[in-house]
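Visitor: Add 38 to a position in the sequence shown, counting from 1, and you land on the number used in the working numbering. Built from N, CA and C at the ideal position, the CB exists for glycine as well.
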Amino acid sequence: MKKTQKITIMIAALATLNSFAFADQKGNEIMEKVADFKKPSYSRSQVIMTLEDKNGNKEARQIIEYGKEANGKTYVVMDFKGPASVKDTRFLQITNDKGADDKFIYLPALKSVRRVNSSEGSKAFMGSDATYDDLSTRDVSEDEHQYLREESYTVEGGTSYNCYVIKEIPLDKKGTQYNYRMVWVDKQSMYPVHTEMYDKNNKLVKVLEVLKIEDHSGYATPMENKLTNVQTGHSTSLRILKIEVDKPLPERVFTQAFLTTGK
39 MKKTQKITIM IAALATLNSF AFADQKGNEI MEKVADFKKP SYSRSQVIMT LEDKNGNKEA
99 RQIIEYGKEA NGKTYVVMDF KGPASVKDTR FLQITNDKGA DDKFIYLPAL KSVRRVNSSE
159 GSKAFMGSDA TYDDLSTRDV SEDEHQYLRE ESYTVEGGTS YNCYVIKEIP LDKKGTQYNY
219 RMVWVDKQSM YPVHTEMYDK NNKLVKVLEV LKIEDHSGYA TPMENKLTNV QTGHSTSLRI
279 LKIEVDKPLP ERVFTQAFLT TGK
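Written out as structure tokens, the structure reads:
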């Protein structure tokens, strides 16, 4: 009797493992497509960043954002134009094809550029709800991707997307502040339109939503997104007012020298 029960349990366990293996395979395939998201060689955007506290008080910041894709690397520069409290602050992130991202920030009060160290990953970026780690890209191989289901999801503002739902679990949990993420990937654009981030106690801490996606010269572009810390009630919204793509930019824009001078 016990032997039969043991065999039955073993078969059930193997069936469960095979099911997870299939789910992981499909999840990996979906997230590989997300990682291969088509990006322009160059981009220049006028962006409004809005910080809002739980009482509805808002602070708007004007940013010029530059982007470049070259030699397996992604370069992003954020040049803060206002208000006065953040004016002339500039940030450069270089996403390496392999290895950790490089991040540099220029603070006008210090009049110098400094590297953002990996130990600062949990710190807030410019008072927003995003940490420096949130800005970092993760390689598909760094996470286990469990395919869960397909469903329609409606984001704030009323836009509905037909989505794949994926659970992302870091393989090395020491290297991230989140225990896992739940991701809703829009089937049409293959872009994550809703992401839930859970802390080490498996409690929901942040929600990132893409409120609007537009096509610009063949590129599906997230024109507006909102990151909310559900534990504090504070949120950070980014809205693109204007974007130009595939128009070459001077190489100096993506250097530390530009962070210092802005030109």
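If I measure Cβ to Cβ from Phe60 and keep anything under 7 Å in the same chain, skipping five residues before and after, which residues do I get?
Guide: Counting from one through the sequence shown, the residue named residue 60 turns up at place 22. The predicted position of Phe60 is uncertain, since its pLDDT is 49 and thus under 50; no value can be drawn from it.
Visitor: Rounded to a whole number of angstroms, what is the C-alpha to C-alpha distance between Asp126 and Glu188?
Guide: For the purposes of this step, residue 126 is taken as the residue at position 88 of the sequence shown. For the purposes of this step, residue 188 is taken as the residue at position 150 of the sequence shown. Near 44 Å, if we compare the C-alpha coordinates of Glu188 and Asp126.
Visitor: Suppose only complete runs of 4+ residues qualify. What are the alpha helix (DSSP H) ranges in the stretch 153 to 217, listed by chain order?
Guide: The qualifying runs are 170 to 173.
Visitor: Taking Thr274 as part of the beta strand (DSSP E), name the residues at either end of that continuous run.
Guide: Taking the first residue of the sequence shown as position 1, residue 274 is located at position 236. Where Thr274 is concerned, the enclosing beta strand (DSSP E) stretches over His272 to Val283.
Visitor: Helix, strand or coil: how does DSSP classify Gln226 here?
Guide: For this step, residue 226 is matched to residue 188 along the sequence shown. Coil, per DSSP.
Visitor: Note the first and the last residue of the continuous beta strand (DSSP E) segment covering Phe292.
Guide: The residue you call residue 292 lines up with position 254 of the sequence shown. Phe292 -> no beta strand (DSSP E), and no H or E assigned at all.
Visitor: Using C-beta distances below 8 Å, list every residue in its chain close to Tyr257, excluding the 5 sequence neighbours before and after it, in chain order.
Guide: For the purposes of this step, residue 257 is taken as residue 219 along the sequence shown, with counting starting at 1. Correct list, in chain order: Lys76, Lys77, Pro78 and Val283.
Visitor: Helix, strand or coil, according to DSSP, for Gly105 in the structure here?
Guide: Within the sequence shown, numbered from 1, the residue matching residue 105 stands at position 67. DSSP places Gly105 in strand when its eight states are reduced to three.
Visitor: What residues in its chain sit with their C-beta under 6 Å from that of Asn267, if we drop five residues either side in the sequence?
Guide: Mapped onto the sequence shown, residue 267 falls at position 229. Closer than 6 Å at the Cβ level, and outside the excluded window around Asn267, lie Asp167 and Lys244.
Visitor: Taking the straight line between their C-alpha atoms, what separation do you get for Leu287 and Arg82?
Guide: Taking the first residue of the sequence shown as 1, we reach residue 287 at position 249. Taking the first residue of the sequence shown as 1, we reach residue 82 at position 44. Cα-Cα distance, rounded: 8 Å.
Visitor: Count the C-beta pairs between the stretch 211 to 231 and the stretch 246 to 254 that are closer than 8 Å, then say yes if the count reaches three, no if not.
Guide: Taking 8 Å as the limit for Cβ pairs, the verdict is that the stretch 246 to 254 does touch the stretch 211 to 231.
Visitor: Kindly list the residues whose CB is nearer than 8 Å to the CB of Thr175, restricted to its own chain and excluding five residues on each side of it in sequence; keep chain order.
Guide: Here residue 175 refers to the residue found at position 137 of the sequence shown. Once the five neighbours on either side are set aside, the close Cβ partners of Thr175 are Thr112, Thr133 and Asp139.
Visitor: Between Asp181 and Glu158, how many whole angstroms is the CB-CB distance? I'm expecting something under 8 Å.
Guide: Numbered from its first residue, the sequence shown carries residue 181 at position 143. Numbered from its first residue, the sequence shown carries residue 158 at position 120. Contact flag wrong, Cβ pair sits at about 22 Å.
Visitor: Is it right to say Arg290 is buried, meaning 16 or more other beta carbons lie within 10 angstroms of its own, or is it exposed?
Guide: Taking the first residue of the sequence shown as position 1, residue 290 is located at position 252. The residue in question, Arg290, is exposed, as its Cβ has fewer than 16 Cβ neighbours within 10 Å.
Visitor: In the structure shown, what three-state DSSP assignment does Thr127 receive?
Guide: Position 89 of the sequence shown holds residue 127. Thr127 falls in the coil class under three-state DSSP.
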